Amino acid sequence: MEIHTVGVAGLGHLGRGIAACLLAHGFRVIGHARRPETRAAAREHIGRAVSELIQHGAAPQELASQWPGRYEEAEGLEALAPCQFVVESVAEDPAVKEEVFQAIEGAVGADVPLASNTSSIPISLLQRGRRHPERLAGMHWAEPAHVTRFLEVICGEATSEETIRRTMALGRRLGKEPALVRKDVPGFIVNRLGYALYREALHLVESGVADMETIDRACRNALGLWATYCGPFRWIDLTGGPALYGRAQKRVWPTLSSAAEIPEMLEKLIAADARGTANGRGFYQYTEAEAKRWEEGYRQHAWAVCRMLDRYYPLDEP
């Protein structure tokens, strides 16, 4: 079954970006959100995303007038009935996702693939109780969804090879470089690596090794340099190979944090409802202007990195 119409259930920060990405690549999109203000904000975001794509030469000028005719807003999930593929992007709560998938199953055909945009919930958990668990896969996106190449496609215990094939194919059509996660582990690939880094960074601060600013700067100037060019295994090969790293790791690994509990520093910020640039309170404090400057800076950086990736790793090459 060829995919022409894609449903996006949930139009929050990532859902609206997913909708923009789909529209930019010629798909008809039915976007679902219960609240009118969420639907309005999503439409506004899509318009900005399209303008940004055109400005950066990533989409033709005609897209500005074409996308509204291919975009439909929906208050109820029954409106997703015409879709040949559905991406769920609601709150990161298994109970909420369960309710949404149950409604989607009642609306779409039995052969329509369903994908959950989750960053950490096991896909196998979401498959429990599904009428057709084999058609459900994970589809983990990153912000800004219409810019980055990143996409993780995750197999649950029951996910069929056909579902994976179709989900990977859709990702490639959207200009992504999908990473197939064969084993359903919490956090998948990128978040597991990221959380290991975050834990060690917190440990270094709490141990008095360095302050936050120093650690951020060191990561930007070292990890930020090579991680946009290659992954950890290639980097090891480029800088001495396993033989060199093996000797160093014997000295370093035993000293790394393996704590399972949340560090006190992080517990205090969680209790204070620190949501970073979203409310001005995080590891750093932000005025509204500072938050906007950092967020816009990241968006421009994402474009620069994508242009660099296009230079070194064209998508039409293996």
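Per the working numbering, the sequence shown runs over residues 37 to 354.
Even for Gly, the Cβ is constructed at its ideal location relative to N, Cα and C.
In this text the structure is predicted, and so the values were computed from the model without any measurement.
- Query: Given residue 301, which residues of its chain have a CB within under 7 angstroms of its CB, disregarding the five upstream and five downstream residues?
  - Reply: Cβ within range, chain order: 238, 241 and 242.
- Query: Would the beta-carbon of residue 152 fall within 8 angstroms of that of residue 133?
  - Reply: Closer than 8 angstroms, so yes.
- Query: Can you name, in chain order, every residue of its own chain whose Cβ lies under 7 angstroms from the Cβ of residue 248, other than the five neighbours on each side?
  - Reply: Here the set comprises 241 and 319.
- Can the beta-carbon of residue 54 be found closer than 8 angstroms to that of residue 123? Yes, the pair counts as a contact, with Cβ atoms nearer than the cut-off.
- Whole-number beta carbon distance between residue 174 and residue 199, since they are thought to touch under 8 angstroms: Not a contact, Cβ separation roughly 11 angstroms.
- At which residues does the alpha helix (DSSP H) containing residue 250 begin and terminate? Segment 248 to 257, the alpha helix (DSSP H) holding residue 250.
- Message: Suppose only complete runs of 3+ residues qualify. What are the beta strand (DSSP E) ranges in the region 108 to 163, listed by chain order?
- Response: Counting only runs of 3 or more, we get 121 to 124 and 150 to 152.
- Simplified DSSP state of residue 354, which is helix, strand or coil: Per-residue confidence for residue 354 stands at a pLDDT of 40, beneath the threshold of 50, marking its modelled position as unreliable; no derived number is given.
- Task: Would you identify the three-state DSSP class for residue 85, choosing helix, strand or coil?
- Result: Residue state, collapsed to three classes: helix.
- Task: Look up residue 182 in the DSSP assignment and say whether it is helix, strand or coil.
- Result: DSSP places residue 182 outside both helix and strand once states are collapsed to three, so it counts as coil.
- Query: What separation, rounded to the nearest whole angstrom, lies between the Cα atoms of residue 333 and residue 168?
  - Reply: Distance between the alpha carbons of residue 333 and residue 168: 43 angstroms.
- Could you tell me whether the region 113 to 132 touches the region 213 to 224, where touching means 3 or more Cβ pairs closer than 8 angstroms? Touching, no.
- Message: With H, G and I counted as helix, E and B as strand and the rest as coil, what does DSSP make of residue 64?
- Response: In the three-state DSSP reduction, residue 64 falls in the strand class (E or B).
- Task: For residue 205, decide whether its Cβ has a neighbour in chain B, counting only Cβ atoms nearer than 8 angstroms.
- Result: Any reference to chain B falls outside this structure, which holds one protein chain only.
- Query: Using DSSP with H/G/I as helix, E/B as strand and the rest coil, what is residue 325?
  - Reply: Three-state DSSP puts residue 325 in a helix.
- Message: Let's test the definition: count the other Cβ atoms within 10 Å of the Cβ of residue 275 and tell me whether it reaches 16, buried, or not, exposed.
- Response: For residue 275, the number of other beta carbons within 10 angstroms of its own is below 16, and it is reported as exposed.
- Task: Look up residue 190 in the DSSP assignment and give the residues it is bridged to.
- Result: Note: residue 190 sits in a beta bridge opposite 174 and 217.
- N-terminal and C-terminal residue of the beta strand (DSSP E) that residue 310 is part of: First-last for residue 310: undefined, no H or E at that position.
- Task: Would you mind giving the Cβ-Cβ distance between residue 125 and residue 211, rounded to the nearest angstrom? I have them listed as a contact below 8 angstroms.
- Result: No, residue 125 and residue 211 are not in contact; Cβ-Cβ is about 18 angstroms, not under 8 angstroms.
- Is residue 203 helix, strand or coil when you go by DSSP? In this structure, DSSP gives residue 203 a helical state, which the three-state scheme calls helix.
- Take the Cβ of residue 352 as the centre, count every other Cβ of all protein chains shown within 10 Å, and call the residue buried at 16 or more, exposed below. The residue in question, residue 352, is exposed, as its Cβ has fewer than 16 Cβ neighbours within 10 Å.
- Expected contact under 8 angstroms - CB spacing of residue 63 and residue 44 to nearest Å: Not a contact, Cβ separation roughly 10 angstroms.
- Query: Along the chain, where does the beta strand (DSSP E) that runs through residue 44 open and close?
  - Reply: Annotation for residue 44: the continuous beta strand (DSSP E) segment containing it runs 41 to 45.
- Task: Give me the Cα-Cα distance between residue 171 and residue 196, rounded to the nearest whole angstrom.
- Result: Rounded to the nearest angstrom, the gap between the Cα atoms of residue 171 and residue 196 is 6 angstroms.
- Are the beta-carbon atoms of residue 108 and residue 70 separated by less than 8 angstroms? For residue 108 and residue 70, no; Cβs fall outside 8 angstroms.
- Pick helix, strand or coil for residue 346, following the three-state DSSP scheme. Helix at residue 346.
- Message: I'd like the list of long-range same chain contacts for residue 264, defined as Cβ closer than 8 angstroms, with 5 residues on each side in sequence excluded.
- Response: Take residue 264, set aside five residues on each side of it, and the residues of its chain with a beta-carbon closer than 8 angstroms to its own are 341, 344 and 345, in chain order.
- Query: Do residue 207 and residue 159 have their CB atoms nearer than 8 angstroms?
  - Reply: Their beta carbons are not under 8 angstroms apart, which means residue 207 does not touch residue 159 by this criterion.
- Query: Count the other CB atoms within 10 Å of the CB of residue 224; is the residue buried (16 or more) or exposed (fewer)?
  - Reply: If you draw a 10 Å sphere on the C-beta of residue 224, you find 16 or more other C-beta atoms in it, and that means buried.
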